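Numbering (my numbering), first residue to last: 35 to 246.
Backbone N, C-alpha and C define an ideal beta-carbon position, used for all residues, glycine too.
Quick caveat, the model's predicted, so the values are computed rather than measured.
Working notes, structure below.
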């Protein structure tokens, strides 16, 4: 079963009580304090336009260990040839808006609603959310954004307007000062890049540790 959150109480139920699909709670808001409290407890929001805010905490987490990311031979050539120029935190707003606007196979619309965009832009302004930007000929062609909790980067979304741009962003991220990339839920693309599934308890050890 899932739980109704109170507007005047930032607390969440025990994540171990989440449904099989990870759904834990409904309601609340996307305030800075609630989002930080949620991420610090392995919980994230995920809902569609017009729906109430839904909060998830999967029993198994899809993650990438930075040192174990898979880089294909063709991708190594792309990086060696410096096909892209990659920056961090230079265009957060543009990245999140592109993530929201880029069509996804099997999805109608986006879960990155205007409300979500405003909330994460606020997190970025306060130094908690970060973006990686991929440029080609001075044009933004890919990137990703997420929330950093201690030494875990909780990835939220990525986009790619040209081949390999989002992969380049993820590889760049893997070389920054983090111990784990949280991908939340698995898909074929992430698994091909070396993502693995770990138990929530293992994930929380990373979240709670400032240095592993």
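Is the stretch 199-216 close to the stretch 94-112, with three or more CB pairs under 8 Å?
yes
Whole alpha helix (DSSP H) elements within the stretch 164-241, 4-residue minimum:
199-208, 222-226
Measuring alpha carbon to alpha carbon, tell me which residue in 53, 72, 55 is nearest residue 43.
72
So, residue 215 versus residue 94, is the Cβ gap smaller than 8 Å?
no
In chain order, what residues of the same chain have a beta carbon less than 6 Å from the beta carbon of residue 99, not counting five sequence neighbours either side?
none
Are residue 217 and residue 97 close, meaning C-beta to C-beta below 8 Å?
yes
Cβ-Cβ distance between residue 109 and residue 166 below 8 Å
no
Look up residue 37 in the DSSP assignment and say whether it is helix, strand or coil.
strand
Closer than 7 Å: is that where the CB of residue 36 sits relative to any heavy atom of the ligand ADP?
Of ligands this structure carries none, so the ligand ADP is not represented either.
Assuming residue 189 contacts residue 178 (C-beta within less than 8 Å), just tell me the rounded distance between them.
6 Å
Given 8 Å as the limit, is there contact between the stretch 49-57 and the stretch 193-206, that is, 3 or more CB pairs closer than that?
no
CB-CB under 7 Å to residue 246, same chain, minus the five flanking residues each way: which ones, in chain order?
Note that residue 246 scores a pLDDT of 45, beneath 50, so its modelled location is shaky; the value from the coordinates is reported in the next line. For residue 246, where only same-chain residues beyond five positions count, the Cβ hits under 7 Å are 185, 213, 240.
According to DSSP, residue 78 sits in a beta bridge with which residue or residues?
90
DSSP state of residue 120, grouped into three classes?
strand
With 16 as the cutoff for other CB atoms within 10 Å, does residue 49 come out buried or exposed?
buried
How is the beta strand (DSSP E) around residue 60 delimited, first residue to last?
57-61
Per the DSSP calculation, residue 98 is bridged to which residue(s)?
215
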